[in-house]
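Undergrad: The numbers in our numbering rise by one with no breaks, and the one at position 59 of the sequence shown is 539.
Yeah, the Cβ is synthetic: ideal placement off N, Cα and C, and Gly gets one too.
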Amino acid sequence: MTACLRCHKGMDTYSDTTDKGAQPTTDDVSLCLYCGDLAAFVVDGENVSLRPFTEEELAEHMKNQDIINALAIRQLVIDKEVING
Ligand SMILES: [Zn+2]
481 MTACLRCHKG MDTYSDTTDK GAQPTTDDVS LCLYCGDLAA FVVDGENVSL RPFTEEELAE
541 HMKNQDIINA LAIRQLVIDK EVING
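1. I need the straight-line Cα distance from T505 to M481, nearest angstrom please.
2. Where S495 and Q503 are concerned, what is the direct C-alpha to C-alpha distance, given to the nearest angstrom?
3. What does the alpha-carbon distance come out to for the pair K489 and V509?
4. Can you list every residue whose CB sits closer than 6 Å to some heavy atom of ligand 1, going in chain order?
5. Taking the straight line between their C-alpha atoms, what separation do you get for Q545 and D524?
6. Going by DSSP, what residue range makes up the alpha helix (DSSP H) through D436?
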């Protein structure tokens, strides 16, 4: 099992915002629901790991509306959990 590069929480599941049955492929974007970190999947056979984005890659991804929406939804869930305890 791989872990988030920032918060080190284990990543035990994946989901795709557009295809529920999808598995990650190399360079797909990973969003950690715990801390919001963005990273790139690295898939080698059965082995799935993460690598940090370069500054250029991150700047490009931050223009992607799907990623912006995913980050906003994550923040709404976190805020709701904080409010509701
Ligand atoms: Zn994290």
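TA: With the structure as the only source:
1. The straight-line gap from Cα to Cα measures roughly 16 Å.
2. If I take the Cα positions, the gap works out to 8 Å.
3. Distance between the alpha carbons of K489 and V509 is about 17 Å.
4. Result (chain order): C484, R486, C487, K489, C512, Y514, C515 and D517.
5. Going from the Cα of Q545 to the Cα of D524 covers about 28 Å.
6. Because the chain is modelled from 481 through 565, residue 436 falls outside the range shown and cannot be assessed.
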